[in-house]
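Protein chains in written order, with numbering that gives the first Met the number 0: chain G, 0 to 222; chain U, 0 to 274. Don't be surprised by glycine CBs; every beta carbon is placed ideally from N, CA and C. Everything numeric in this text was worked out from a predicted model, so none of it was measured.
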Amino acid sequence: MSWEPLILTFKLASVTTLILFFISLPLSYWLAFSRSRLKPVIQTLVAMPLVLPPTVLGFYFLIAFSPNNAFGEWLDAWLGLRLVFSFGGLVLASIIYSLPFMVHPIQSGLSGLPASFREASSLMGKSRLETLFRVLLPNIKPSLLAGIVLAFAHTVGEFGVVLMIGGNIPGKTKVASIAIYDSVESLDYASANFYSLVLFSISFLVLLLVYSLNGGLIKFSGR
Amino acid sequence: MLIDIQKRLNAPSGKMDLKFHCHIHENEWLAIYGPSGAGKTSILRMISGLMKPDAGKISFKKEVWFSKSKKINTKPRLRNVGFVFQDYALFPNMTVLENLKYAQGKNEDKIFLNEILEVSQLGDLIHKKPSVLSGGQQQRVALVRALVQKPRILLLDEPLSALDEKTRLGLQDYLLEIKKEIQLRVILVSHDKNEIKKLADRVVVLGNGEIIQEGKPETIFPGKEGVEGVVIDKRMKDSLFFIVIQTKGSILELPVSKSKFDATPIGDKIQLFLE
Chain G
0 MSWEPLILTF KLASVTTLIL FFISLPLSYW LAFSRSRLKP VIQTLVAMPL
50 VLPPTVLGFY FLIAFSPNNA FGEWLDAWLG LRLVFSFGGL VLASIIYSLP
100 FMVHPIQSGL SGLPASFREA SSLMGKSRLE TLFRVLLPNI KPSLLAGIVL
150 AFAHTVGEFG VVLMIGGNIP GKTKVASIAI YDSVESLDYA SANFYSLVLF
200 SISFLVLLLV YSLNGGLIKF SGR
Chain U
0 MLIDIQKRLN APSGKMDLKF HCHIHENEWL AIYGPSGAGK TSILRMISGL
50 MKPDAGKISF KKEVWFSKSK KINTKPRLRN VGFVFQDYAL FPNMTVLENL
100 KYAQGKNEDK IFLNEILEVS QLGDLIHKKP SVLSGGQQQR VALVRALVQK
150 PRILLLDEPL SALDEKTRLG LQDYLLEIKK EIQLRVILVS HDKNEIKKLA
200 DRVVVLGNGE IIQEGKPETI FPGKEGVEGV VIDKRMKDSL FFIVIQTKGS
250 ILELPVSKSK FDATPIGDKI QLFLE
């Protein structure tokens, strides 16, 4: 029994959520407002992790990142990156796996705003970037919060992808969900219970905080 | 300013070819009148650059904003057009003052802002968020916000249509004040003849996507001449109902039906028509 898997889990979730947030802003913006013919394709790709078994994603990551294959070899030789059985690989896999959970709330928040907000701002001489940061994003705070929390929680709850690509290396890739499985396998129910209880409590508290905060936000803007 | 545009629109009744050709002179208030679906809003959107015409030309003085033949289509943000949207488009995350400052942008002219705030009579409202304002107040803020950016032309898309009669009459006076105070080209889309008569120098009437009439509002809409008044008293004499109205020149006592009598509170602004 140790805190290590739990700390690793929250480190993974934090790093993933942070990177995901910045990737999702332009992607959600594009998905919300673009009229490109490519849009349905990109939308489908973003939503794939919702329906695919995590093991499928994990399997292909394992194949792609393996130093025995072309892409993995190239990463290893040129960038010195070994993504299989490493924390970096876990982050990358988690970003893809949790992408829809961040993108969907932000995208629906953006497309739910009246078109006149963007139009009015551009007629005031503002660039798209300034409009995004000063008008659009401040008016979808509840959606941003929802995206951040869902992506974080979903990464905490990850199991299949992590097991496939990360394995079970203590301190490196052994996150809490794996540690629980591992403990149960070796009949160490006390440890399993400890990890589970901590995950359960923290998840409950985080969601509780968000729902109370979000309720407050909605009340505030509706007043 | 020259506007000469064509656009094929998807109207509710099928495809419609919109043709609009018009000069707007300095300080002129031009009204566009027509039934809904006639393409009035589309014309404003094309002038502002939010919609691209299929053919034609839009130029402001010597600057070309749109030209099909020269393949010019200036971005909306470079045209400096003031646009008051039907839904006002006030930004909920900013206070009224922040909305105005945002519209004014980097070269913030404090003196001009203060001047306009004085004319606009927004008073204490400037530190409030738009969501707590009434419809009429939001409309005034939207107007002022369009003015602080010192636009080269102001486009008003049925600016008063969502408001009740009393607020609307008040805001027409407000617009009239602005017309006196600020030199500006204005295009006003409206389906209210009285509003057009009160505010516009010239009106074009749209029908089936084309201009079918053009001229001074009094010539285009003759007949009913509206007089404004305020109800200052209500009386019952010999079981007949009367309301007393103060107009600009005189005080009138009018016999009315009981339902009209009950529905008209003292202090109400009303319009009277002579037929």
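Buried or exposed by the 16-neighbour rule on C-beta atoms within 10 Å, applied to residue i
{"i": "S200 (chain G)", "result": "exposed"}
{"i": "R7 (chain U)", "result": "exposed"}
{"i": "A189 (chain G)", "result": "exposed"}
{"i": "F111 (chain U)", "result": "exposed"}
{"i": "Q137 (chain U)", "result": "buried"}
{"i": "D156 (chain U)", "result": "buried"}
{"i": "P254 (chain U)", "result": "exposed"}
{"i": "S97 (chain G)", "result": "buried"}
{"i": "Q106 (chain G)", "result": "buried"}
{"i": "E107 (chain U)", "result": "exposed"}
{"i": "H103 (chain G)", "result": "buried"}
{"i": "S258 (chain U)", "result": "exposed"}
{"i": "V40 (chain G)", "result": "exposed"}
{"i": "K39 (chain U)", "result": "buried"}
Residue i, DSSP secondary structure in three states
{"i": "I31 (chain U)", "result": "strand"}
{"i": "P254 (chain U)", "result": "strand"}
{"i": "K218 (chain G)", "result": "Model confidence at K218 (chain G) stands at a pLDDT of 45, short of 50, so the residue's coordinates are unreliable; what they give is reported in the following sentence. The answer is helix: DSSP assigns K218 (chain G) an H, G or I state."}
{"i": "D3 (chain U)", "result": "strand"}
{"i": "W2 (chain G)", "result": "coil"}
{"i": "I211 (chain U)", "result": "strand"}
{"i": "D44 (chain U)", "result": "The amino acid at residue 44 (chain U) is misidentified as Asp; the sequence shows Arg. The answer is helix: DSSP assigns R44 (chain U) an H, G or I state."}
{"i": "R201 (chain U)", "result": "strand"}
{"i": "R76 (chain U)", "result": "helix"}
{"i": "L37 (chain G)", "result": "coil"}
{"i": "R184 (chain U)", "result": "strand"}
{"i": "M93 (chain U)", "result": "coil"}
{"i": "F65 (chain U)", "result": "strand"}
{"i": "F19 (chain U)", "result": "strand"}
{"i": "I219 (chain U)", "result": "helix"}
Neighbour list for residue i in chain G, Cβ cutoff strictly below 7 Å
{"i": "L49 (chain U)", "result": "E118"}
{"i": "G33 (chain U)", "result": "Chain G residues near G33 (chain U): none, gap ~22 Å exceeds 7 Å."}
{"i": "G104 (chain U)", "result": "M123, G124"}
Proximal residues to residue i (C-beta, below 8 Å), its chain only, five neighbours per side dropped
{"i": "K215 (chain U)", "result": "D200, R201, V202"}
{"i": "L196 (chain G)", "result": "none"}
{"i": "F220 (chain U)", "result": "K192, I195, K196, V202"}
{"i": "Q148 (chain U)", "result": "N79, G81, A102, Q103, G104"}
{"i": "L30 (chain G)", "result": "K38, I41, Q42, V45, V102, Q106"}
Under 9 Å from the C-beta of residue i: neighbouring residues of chain G
{"i": "Q148 (chain U)", "result": "L122, M123, G124"}
{"i": "D86 (chain U)", "result": "P113, S115"}
Under 8 Å by beta carbon: chain G residues contacting residue i
{"i": "P129 (chain U)", "result": "Those do not exist, as P129 (chain U) stays about 11 Å from chain G at its closest Cβ, beyond 8 Å."}
{"i": "N92 (chain U)", "result": "V134, P137, N138"}
{"i": "A161 (chain U)", "result": "Those do not exist, as A161 (chain U) stays about 13 Å from chain G at its closest Cβ, beyond 8 Å."}
Residues of its chain near residue i, where Cβ-Cβ distance is below 7 Å and the 5 sequence neighbours each way are ignored
{"i": "L49 (chain G)", "result": "P99"}
{"i": "L11 (chain G)", "result": "L89, V90, S93, T154, V174"}
{"i": "W28 (chain U)", "result": "K178, V185, L187, L198, A199, D200"}
{"i": "P75 (chain U)", "result": "S47, G48, L49"}
Neighbourhood of residue i by C-beta, 6 Å cutoff - its chain only, sequence neighbours within 5 removed
{"i": "W2 (chain G)", "result": "none"}
{"i": "E213 (chain U)", "result": "V203"}
{"i": "D16 (chain U)", "result": "R7, G208"}
{"i": "V118 (chain U)", "result": "E180"}
What residues from the segment 61-82 of chain U come within 9 Å of chain A, judged by C-beta to C-beta, listed N to C? Here the protein chains are G and U, and chain A is not one of them.
Would you list, in sequence order, the uninterrupted alpha helix (DSSP H) runs of no fewer than 4 residues that lie entirely inside the segment 83-149 of chain G? DSSP assignment within the segment 83-149 of chain G yields the following whole alpha helix (DSSP H) runs of 4 residues or more, N-terminal first: 86-111, 114-122, 127-130.
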